[in-house]
Amino acid sequence: MIIPALDVTTPGTGSGTVDPHDPAAGSRSPDTHHPLDLVDLFADDFVRDPYPWLDTLRAQAPVHHDPRTGLWLVSRHRDIRQVLLDPAAFHPDNAQHAATRLPMAVLRVLAKAGFQLPPALANNGTDSHPGLRRVVSGFFNARRVTAAIPVIERIAEDLLDDARARIDADGEYDLFTSFAQILPCRVLMQLLGIDGIDPPTLIRWSDASLELFWGRPTLERQLELAELVGEFHQWLTRTANSGTAPTDSFIAALARHRLPDGTLLDPATAVSACFFVFIAGQSTTGQLIATVLRRALAEPGLWPRVTHEATLAEAWVEEVIRREPPVTTWRRVTARPVDLAGVTLPAGAQLLLMLMGSGSDPDVFTEPERMCPSRSNIRHHLAFGVGRHRCPGASLARTEAAVALRVAARTLPHVRPLAEGAEPPMLGLLSFRAPARVAVA
0 MIIPALDVTT
10 PGTGSGTVDP
20 HDPAAGSRSP
30 DTHHPLDLVD
40 LFADDFVRDP
50 YPWLDTLRAQ
60 APVHHDPRTG
70 LWLVSRHRDI
80 RQVLLDPAAF
90 HPDNAQHAAT
100 RLPMAVLRVL
110 AKAGFQLPPA
120 LANNGTDSHP
130 GLRRVVSGFF
140 NARRVTAAIP
150 VIERIAEDLL
160 DDARARIDAD
170 GEYDLFTSFA
180 QILPCRVLMQ
190 LLGIDGIDPP
200 TLIRWSDASL
210 ELFWGRPTLE
220 RQLELAELVG
230 EFHQWLTRTA
240 NSGTAPTDSF
250 IAALARHRLP
260 DGTLLDPATA
270 VSACFFVFIA
280 GQSTTGQLIA
290 TVLRRALAEP
300 GLWPRVTHEA
310 TLAEAWVEEV
320 IRREPPVTTW
330 RRVTARPVDL
340 AGVTLPAGAQ
350 LLLMLMGSGS
360 DPDVFTEPER
370 MCPSRSNIRH
380 HLAFGVGRHR
390 CPGASLARTE
400 AAVALRVAAR
410 TLPHVRPLAE
420 GAEPPMLGLL
430 SFRAPARVAV
440 A
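First residue of the sequence shown? That's 0 in numbering that gives the first Met the number 0, and the numbers climb one at a time after it.
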């Protein structure tokens, strides 16, 4: 089944009028306009500084219907937590739906590549989910993550030695493309037993997948991205079906996995699981590392302290995850009519959980706009989710980001942000946000 799209061009979702089939029609009149209807989740001003919008949403409309996307924006910490902890009422089926309509020409490209993503992990609400999650969690448990720290440090040191040489030679270096993206990709490949592919190719495929399914690209760009996503899926399919994966690899573990009825996991679902894990395990972690480094370099006095204060790197990473997580939103769909924060939602209502906004909820975090790595409830955020679909790779992501920060501060003690005369480009997708460049000198 090809990933379906949210219909962002349905009558009543872009002009201020209300479609009689619009889930919001029962809670506002056709002539009602709300100032928050002006928010554009893909616009540059929202991507660069979403906090004023998120603050207004929480205060004035904690469950707000967005006419541009047809999504209900849920922004308060307690409401998001309620949704995530009630999988019977709020299903994950739409978690990987395309944010922008995929035209027939794009669907043909994907179909030609055999692209399909049956429910496996993030979008799986069936009884097969717990077993598949256990397979994934087995590769990212505390024991494995702890054992991987020397590997993470070695890879980080290798990359940053090159960074130091490049800075000496060229005067500048991009910590995002040459370090933050490469580090988690190489770590993931080692942990999961992936070979036969180079990190830049895997990164290019993963980035294309994020942009195609969570971005708002033009038709021309969609066609380019679909070709890359098709290549990614075909490589995953060949790799999963080759029968040559090492016995201790992730792909081999999926091949051995049995579903609740005793049958072996089908190849298409195994590929779907790989698709999600490979993207989540390196793209989003790379985005986290980029934000951690950018914010650490901008914080007065923090960079030299990281190498001397034992737990500062971990605490700083956690505070960045709270305030500025790479995964900014996630989706759910109502299984039945339900009341949420005083709003009656019909069955089939598409929800966008504003994870980034929940981390700045003043009902939970004192002075949420202030970066405070010593705050007592630093882990009360929802950036990794909560409940049965909580991110199984959270521990690895935290560890990689902390190691990256510590090794960078030690290897590049005198590095400084490069003044470029403008804000760096930002990755601004429906559910993902990060600097696309961290230039230093």
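All C-beta atoms in this analysis are idealised placements derived from N, C-alpha and C, irrespective of residue type, glycine included.
Counting C-beta atoms within 10 angstroms of its own C-beta, I148 has fewer than 16 neighbours from the protein chains shown and is therefore classed as exposed. With a cutoff of 8 Å on beta-carbon distance, L344 and T333 are scored as near each other. In the DSSP assignment, T333 falls within the beta strand (DSSP E) that extends over W329 to T333.
In this chain, the beta strand (DSSP E) harbouring T343 covers V342 to L344. Only residues of its own chain outside the window of five on either side were considered, and among them F175, A289, T290, R293, P423, P424, M425 and L426 have a CB closer than 8 Å to the CB of P434, listed in chain order. Relative to P117, the option among V305, L417, L264 and G195 whose CA is nearest is L264. Fewer than three Cβ pairs drawn from the region 126-144 and the region 370-379 lie within less than 8 Å of each other, which leaves the two stretches out of contact. It is roughly 42 Å from the alpha-carbon of A244 to the alpha-carbon of T68. By a beta-carbon distance limit of 8 Å, A207 does not contact V316. Their separation comes to about 27 Å.
A direct Cα-Cα distance of roughly 7 Å separates G347 from R335. With 16 or more other CB atoms across the displayed protein chains lying within 10 angstroms of its CB, P49 is buried. Judged by beta-carbon spacing, L211 lies within the 8 Å limit of V228, meaning their Cβ atoms are closer than that value.
Distances from the alpha-carbon of E298 to those of A312, R142 and V135 put A312 closest. Relative to L201, the option among A162, D44, F275 and A141 whose CA is nearest is F275. Listed in chain order, the non-local C-beta contacts of D78 below 7 Å within the same chain comprise P61, V62, L339 and A340, local neighbours out to five positions each way being set aside. In the structure shown, D54 falls within a helical segment according to DSSP collapsed to helix, strand and coil. L72 sits away from L83, with the two beta carbons spaced by 8 Å or more. With fewer than three CB-CB distances shorter than 8 Å, the region 152-159 does not count as touching the region 249-259.
Residues of the same chain with a CB within less than 7 Å of the CB of L222, apart from the 5 flanking positions on each side, are A104, V105 and V108 in chain order. In the three-state DSSP reduction, P34 falls in the helix class (H, G or I). Excluding its 5 nearest sequence neighbours in each direction, L301 has C-beta neighbours in its own chain below 6 Å: A295, listed in chain order. In the three-state reduction of the DSSP assignment, D48 falls in the coil class, being assigned neither a helical nor a strand state. Exclusion of the five residues before and after L417 leaves E171, A438, V439 and A440 as the residues of its chain whose Cβ lies within less than 6 Å of its Cβ. Just so you know, the alpha carbons of L190 and S248 end up roughly 8 Å apart. Put simply, the region 213-222 does not touch the region 230-241. Fewer than three CB pairs are less than 8 Å apart. Collapsing the DSSP output to three states places M353 in coil.
Here the C-alpha atom of R257 lies approximately 15 Å from the C-alpha atom of L120. Short of 7 Å from the beta carbon of H76, and not among the five residues preceding or following it, lie these beta carbons of its own chain, in chain order: S357, D360, D362, V363 and L381. Sequence-distant partners of V326 (beyond 5 residues in either direction) whose C-beta falls short of 7 Å from its own C-beta, in its chain, are T283, L354, A382, S430 and F431.
When rounded, the separation of the alpha-carbon atoms in S205 and A98 is 16 Å. The region 345-414 contains, as complete beta strand (DSSP E) runs of 3+ residues, the segments 349-352 (chain order). Cβ contact annotation for R415 (same chain, cutoff 8 Å, sequence separation greater than five): L296, V439 and A440, in chain order.
When rounded, the separation of the alpha-carbon atoms in D85 and R331 is 11 Å. In the DSSP assignment, R321 falls outside any beta strand (DSSP E) and within the unbroken alpha helix (DSSP H) covering L311 to R322. Look at G113 here: in three-state DSSP terms it is coil, with no helix or strand label.
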